[in-house]
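Step one of this worksheet: look at the structure below.
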Amino acid sequence: MPIDLAPFVGALPKAELHVHIEGTLEPDLAFAIAERNGSTLPYASVDELRAAYRFSNLQDFLDVYYACAGVLFESRDFYDLTWAYLLRARADNVRHAEIFFDPQTHTARGVAFETVVDGICQALDDARDKLGLTSRLILCFLRHLDEADAFETLEAAMPRRDRIIGVGLDSGERGNPPSKFARVFRRAREAGFVAVAHAGEEGPAEYVREALDVLEVVRIDHGNRALDDPALVDELVRRRIPLTVCPLSNLKLCVVDDMTSHPLKRMLDLGLFVTVNSDDPAYFGGYVNDNYVAVAEALGLGKDDLARLARNSIEAALLDDAHRARLTGLLERAVSSSWQ
Ligand code: ADE
Ligand code: ZN
Numbered sequence: 001m002p003i004d005l006a007p008f009v010g011a012l013p014k015a016e017l018h019v020h021i022e023g024t025l026e027p028d029l030a031f032a033i034a035e036r037n038g039s040t041l042p043y044a045s046v047d048e049l050r051a052a053y054r055f056s057n058l059q060d061f062l063d064v065y066y067a068c069a070g071v072l073f074e075s076r077d078f079y080d081l082t083w084a085y086l087l088r089a090r091a092d093n094v095r096h097a098e099i100f101f102d103p104q105t106h107t108a109r110g111v112a113f114e115t116v117v118d119g120i121c122q123a124l125d126d127a128r129d130k131l132g133l134t135s136r137l138i139l140c141f142l143r144h145l146d147e148a149d150a151f152e153t154l155e156a157a158m159p160r161r162d163r164i165i166g167v168g169l170d171s172g173e174r175g176n177p178p179s180k181f182a183r184v185f186r187r188a189r190e191a192g193f194v195a196v197a198h199a200g201e202e203g204p205a206e207y208v209r210e211a212l213d214v215l216e217v218v219r220i221d222h223g224n225r226a227l228d229d230p231a232l233v234d235e236l237v238r239r240r241i242p243l244t245v246c247p248l249s250n251l252k253l254c255v256v257d258d259m260t261s262h263p264l265k266r267m268l269d270l271g272l273f274v275t276v277n278s279d280d281p282a283y284f285g286g287y288v289n290d291n292y293v294a295v296a297e298a299l300g301l302g303k304d305d306l307a308r309l310a311r312n313s314i315e316a317a318l319l320d321d322a323h324r325a326r327l328t329g330l331l332e333r334a335v336s337s338s339w340q
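Residue numbers for the sequence shown follow the numbering used here, so the first one is 1 and each next one is one higher.
Structure (C-alpha cells):
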C-alpha cells in the first residue's frame with residue numbers, strides 16, 4: 001500500500017510564493033460579501049458557481065475569477081478574503097506567503113487602490129502578530145490591458161512602496177508577451193520593486209526568455225513551457241532562477257492532461273529550482289499541501305523530494321538572511337524529527 005504523505009507534508013514548515021489573493025475567494029465567502037454589499041454574482045447559488053469551475057484553458061478560468069472578484073468593494077472585504085486565506089495557509093504549515101493582488105480588477109470598478117491595499121495589509125499584519133505567518137505583497141499588472149493602464153497602476157502604488165515588495169504580470173498570456181511591459185517594469189525596478197512574471201504557463205518558451213532578458217525577473221511564475229527550449233533550461237539552472245510551479249492549477253487549466261504527465265519531476269531531475277504553490281486554490285481544488293501531495297502521489301516523489309521542495313520555497317522567498325535562516329532551521333528540525 002502506498003504511504004500516506006499528507007502528514008509528512010503537513011509537518012514541513014514552508015513558504016508559498018505563488019498565490020493570487022482573488023483566487024482564494026471561496027464561493028461561500030463570495031456570496032456572503034455580495035449579500036452584505038448589495039451586489040450580485042452572475043450565478044444563482046454556491047452550487048451553480050461551483051458547477052462553473054470546469055475550465056478548458058486559462059481564459060475560461062479568468063472569466064469566472066474576474067466575475068467573482070467583482071463582489072469586493074470595501075477594505076473589510078479585502079481583509080476578510082486575505083484573513084481566510086492566511087488561516088488556511090497557516091493550517092498547511094505555511095510560515096511565509098508572497099501574495100499577488102490584481103489592483104486593476106478593482107480600480108476599473110471604481111474601488112480605490114488604497115481600499116484594496118489597506119484591507120489586505122491589515123490582515124497581513126494580523127497574521128504576523130497572531131499566527132506567526134509573515135508575508136510580502138506583489139502587485140500584478142493585468143497583461144491583457146495596455147501599457148498606459150499599467151503605468152497608472154504603478155503610479156498609484158508608489159505611495160505604498162513600503163508595503164509592496166514587487167511587481168508581477170498575470171492574466172491572459174497568449175498574445176500578451178512580457179515585452180509589452182518592458183518600460184513599466186524598468187520604471188518599477190528603478191523605483192526599487194522586485195520583478196517577477198507569469199511566463200510559460202500557456203505562452204511559449206520565448207515568453208520565459210523575454211521575462212528574464214527584458215523584464216529582468218528574479219523568479220518565473222509557472223515556467224512549464226521553458227522545457228521546450230534546452231538552452232533556456234540550461235540558463236535557468238545555471239542562474240538558479242526559481243520556478244513557482246502550480247500542479248493543481250496546471251491540471252484544472254489543461255496545461256497538463258493528467259497529473260502523471262506533470263513535468264515537475266522532470267524539472268527536478270534537470271536541476272531546475274522548483275517550488276510548489278497553489279495559484280488560485282479556491283478554484284483549483286486544493287491549497288498548497290494538496291498540491292504537494294497530488295504531485296507526489298502522481299509522480300512517485302518521496303520524502304526527500306518533498307523536503308527539497310519545501311527547502312526551495314524558503315530559499316526562493318524574498319527574505320533577509322536572518323529570516324531565511326530562522327525558517328530553514330524550523331524546516332530542518334521538522335525533517336530530522338520526521339525520520340526518527
Ligand atoms: N491570474 C490568476 N491566476 C492566474 C494564472 N494561473 N495565470 C495567469 N493569470 C492569473
Ligand atoms: Zn498565477
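Cβ coordinates follow ideal geometry from the N, Cα and C atoms, glycine included.
Of the listed residues the options, nearest to residue i (C-alpha basis)
i           : options           : result
residue 99  : 47, 332, 205, 78  : 78
residue 152 : 32, 181, 246, 217 : 181
residue 247 : 123, 220, 295     : 295
residue 172 : 9, 131, 60        : 60
residue 282 : 204, 7, 69, 166   : 69
residue 43  : 127, 311, 71      : 71
residue 29  : 45, 138, 223      : 45
residue 285 : 250, 4, 305, 257  : 250
residue 76  : 187, 124, 255     : 124
residue 107 : 316, 145, 234     : 145
DSSP beta-bridge partners of residue i
i           : result
residue 168 : 140
residue 101 : 139
residue 243 : 220, 274
residue 106 : DSSP output for residue 106 lists no bridge partner at all.
residue 14  : 94
CA-to-CA distance, residue j to residue i, given in whole angstroms
i           : j           : result
residue 20  : residue 300 : 28 Å
residue 24  : residue 88  : 10 Å
residue 103 : residue 121 : 14 Å
residue 167 : residue 307 : 28 Å
residue 6   : residue 303 : 11 Å
residue 334 : residue 192 : 35 Å
residue 161 : residue 189 : 12 Å
residue 213 : residue 228 : 18 Å
residue 156 : residue 113 : 7 Å
Beta-carbon spacing of residue i, residue j below 8 Å
i           : j           : result
residue 292 : residue 318 : no
residue 62  : residue 27  : no
residue 260 : residue 17  : no
residue 10  : residue 93  : yes
residue 142 : residue 105 : yes
residue 273 : residue 240 : yes
residue 420 : residue 15  : The chain is shown only over 1 to 340; residue 420 falls outside these bounds and no answer can be derived.
residue 338 : residue 8   : yes
residue 138 : residue 80  : no
residue 127 : residue 86  : yes
residue 205 : residue 232 : yes
Residue i classed as buried or exposed, judged by whether at least 16 other C-beta atoms fall within 10 angstroms
i           : result
residue 267 : buried
residue 83  : buried
residue 40  : exposed
residue 332 : exposed
residue 177 : buried
residue 56  : exposed
residue 159 : exposed
residue 199 : buried
residue 220 : buried
residue 13  : buried
residue 135 : buried
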